[in-house]
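Q: Sequence positions in the sequence shown follow mature numbering (1 follows the signal peptide of the UniProt record, and there is no 0) and run -20 to -1, 1 to 245.
Can you read through this structure? Questions will come right after.
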Amino acid sequence: MKTFSIVSVIIAAAVRCVASQSTDDFGDVNLAANPGGNVYKATFPKKAFFPGPLKGGNVQGSITAMPAPDGKGVQFKVKFSNVPKEGGPFLYHVHIDAVLKDGNCSKTLGHLDPKKRGETAKCDPKKPDSCQFGDLSGKHDPVKGNLEKTYVDQQLSVVEGSDGFIGGRSIVFHFANKTRITCANFKPVTKTNTHNTCNITERSISETGTGTIPKVTPLPTNSSVPNNSTVPNNSTAPIRGDASTTRGGSISLMIAGFATVLFAL
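Below, the structure written as structure tokens:
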């Protein structure tokens, strides 16, 4: 009975560990319920592309995109600070191309607009279909000052292959006259809950903005490490190509541990 109780506790801990990997630290978003959906984040650089009348430095902040809680559309978390007092209200849009290494926001082309609404079409927030997909400020209000806001956009997507996919694209922040102030790439970021020590993974795309994440062959689940092996302190953990592979490897190691405990008692 004592042996059974110990093994039961270990199994329960393993189940909690695996289950917790379906929720990330950006909120109550279950990525498993959004097949192929990643979390993306764009963070503005310290230096503005066009300083112009900016007196206090570049606009600071970020915009994080993740699957909406109900799986329909994208939930954005917007944080903008050091917004200029003049030149607004300010606009921000998802642009077609990524920002290159030279930081030139003009090379990001136009707004993401797969339905060809065009730049001159009036965007009615109550009728999102009247707007360009990438016109976030048109659909969810322009920026009039420092801002922290969360909203859901049902046209955009974090699922590769869809018309509104933002991976490999950029966010551009404009003056009211559409002059481009600063810009940043949407880079994939996937993390487990900060309270969960099971797994933490970060992935980023190249500056060319292809949106393609290279595949990495997962470690064999039955591999063994010699007792005299050492791991360098500055070693980098490999990226798992599939969450299910990660879980499978973890569970295999845990089962081996269960057997050791069982036969030791």
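All residues carry an ideal CB built from backbone N, CA and C; glycine is no exception.
Nothing here was measured: the structure is a model prediction, and the numbers come from that model.
1) Taking the C-alpha atoms as reference points, what is the distance between P212 and K27?
2) Which one of K81, F153, D143 and N157 has the shortest CA to CA distance from G53?
3) Given a cut-off of 8 Å on the beta-carbon distance, is the pair F29 and G83 in contact?
4) With DSSP as the reference, label C103 as helix, strand or coil.
5) For the alpha helix (DSSP H) that H120 lies in, which residues bound it at each end?
6) My understanding is that L71 touches H154, with C-beta atoms under 8 Å, so please give their C-beta distance in whole angstroms.
7) Flag this pair as yes or no: are the beta carbons of N38 and T162 separated by less than 8 Å?
8) Under a CB-based cut-off of 8 Å, is K59 close to chain D?
9) For K167, list the residues DSSP reports as bridge partners.
10) Below 8 Å on the Cβ atoms is my contact criterion, and I expect Y20 with A45 to pass it. Report the Cβ-Cβ distance as a whole number of Å.
11) If you draw a straight line from the alpha carbon of Q40 to that of D104, how long is it in whole angstroms?
12) Identify whether S61 lies in helix, strand or coil by the three-state DSSP scheme.
13) Please tell me whether F56 and Y131 are closer than 8 Å, where the distance is taken between their beta carbons.
14) Between the C-alpha atoms of F113 and P31, what's the straight-line distance to the nearest angstrom?
15) Let's see if you can read the secondary structure: which residues bound the beta strand (DSSP E) around K81?
16) Just to confirm, are V74 and L136 a CB contact at a threshold of 8 Å?
17) By the three-class DSSP mapping on this structure, what secondary structure does V152 have?
18) Leaving out five residues before and five after G36 in sequence, what residues of the same chain have Cβ atoms less than 8 Å from its Cβ?
19) Could you tell me if L89 is buried or exposed, where buried requires 16 or more neighbouring beta carbons within 10 angstroms of its beta carbon?
20) Hey, A156 and G67: beta-carbon distance below 8 Å or not?
21) Output the distance between the C-alpha atoms of D115 and D109, rounded to the nearest integer angstrom.
22) For S86, I'd like the list of residues in its chain whose CB is within less than 7 Å of its CB, leaving aside the five on either flank, ordered along the chain.
A: Result, derived from the coordinates:
1) Position 232 of the sequence shown, counting from 1, holds the residue named residue 212. Position 47 of the sequence shown, counting from 1, holds the residue named residue 27. Low per-residue confidence applies at P212: pLDDT is 40, beneath 50, and the placement is therefore not dependable, though the value from the model is reported in the following sentence. Their Cα atoms are separated by approximately 36 Å.
2) Residue numbering aside, residue 53 sits at position 73 when the sequence shown is read from its first letter. The residue among K81, F153, D143 and N157 with its C-alpha nearest the C-alpha of G53 is D143.
3) Counted from its first residue, the sequence shown places residue 29 at position 49. Counted from its first residue, the sequence shown places residue 83 at position 103. Yes.
4) Looking up residue 103 in the sequence shown gives position 123. Correct three-state label for C103: coil.
5) As a first step, residue 120 must be located in the sequence shown, where it is residue number 140. Here the alpha helix (DSSP H) through H120 covers L116 to H120.
6) Along the sequence shown, read from residue 1 onward, the residue named residue 71 stands at position 91. Along the sequence shown, read from residue 1 onward, the residue named residue 154 stands at position 174. The pair is a contact, with the Cβ atoms about 4 Å apart (cut-off 8 Å).
7) Position 58 of the sequence shown, counting from 1, holds the residue named residue 38. Position 182 of the sequence shown, counting from 1, holds the residue named residue 162. Cβ distance < 8 Å, so N38 and T162 count as in contact.
8) The chain labelled as chain D is not found in the depicted structure, where only one protein chain is given.
9) Walking along the sequence shown from the start, residue 167 turns up at place 187. Paired residue(s): K21.
10) Residue mapping note: residue 20 aligns to position 40 of the sequence shown, counting from 1. Residue mapping note: residue 45 aligns to position 65 of the sequence shown, counting from 1. Yes, they are in contact, since the Cβ atoms of Y20 and A45 sit about 5 Å apart, within 8 Å.
11) What you label residue 40 is simply residue 60 of the sequence shown in a count that begins at 1. What you label residue 104 is simply residue 124 of the sequence shown in a count that begins at 1. If you draw a straight line from the Cα of Q40 to the Cα of D104, it comes to about 28 Å.
12) In the sequence shown, residue 61 corresponds to position 81, counting from 1. Of the three classes helix, strand and coil, the one that applies to S61 here is strand, per DSSP.
13) Position 76 of the sequence shown holds residue 56. Position 151 of the sequence shown holds residue 131. Note that the C-beta distance between F56 and Y131 is below 8 Å.
14) In the sequence shown, counting from the first residue as 1, residue 113 sits at position 133. In the sequence shown, counting from the first residue as 1, residue 31 sits at position 51. Computed Cα separation, rounded: 27 Å.
15) As a position in the sequence shown, residue 81 is number 101, starting the count at 1. Bounds of any beta strand (DSSP E) do not take in K81, whose DSSP letter is neither H nor E.
16) For the purposes of this step, residue 74 is taken as residue 94 along the sequence shown, with counting starting at 1. For the purposes of this step, residue 136 is taken as residue 156 along the sequence shown, with counting starting at 1. Yes, the pair counts as a contact, with Cβ atoms nearer than the cut-off.
17) Reading the sequence shown from its first residue, position 172 is the one you call residue 152. Here V152 sits in strand by DSSP.
18) On the sequence shown, position 56 is the one that residue 36 refers to. Closer than 8 Å at the Cβ level, and outside the excluded window around G36, lie N62 and P64.
19) Taking the first residue of the sequence shown as position 1, residue 89 is located at position 109. Burial call: exposed.
20) For the purposes of this step, residue 156 is taken as the residue at position 176 of the sequence shown. For the purposes of this step, residue 67 is taken as the residue at position 87 of the sequence shown. Contact flag set, yes.
21) Residue numbering aside, residue 115 sits at position 135 when the sequence shown is read from its first letter. Residue numbering aside, residue 109 sits at position 129 when the sequence shown is read from its first letter. Distance between the alpha carbons of D115 and D109 is about 11 Å.
22) Residue numbering aside, residue 86 sits at position 106 when the sequence shown is read from its first letter. Closer than 7 Å at Cβ, skipping near neighbours: R160.
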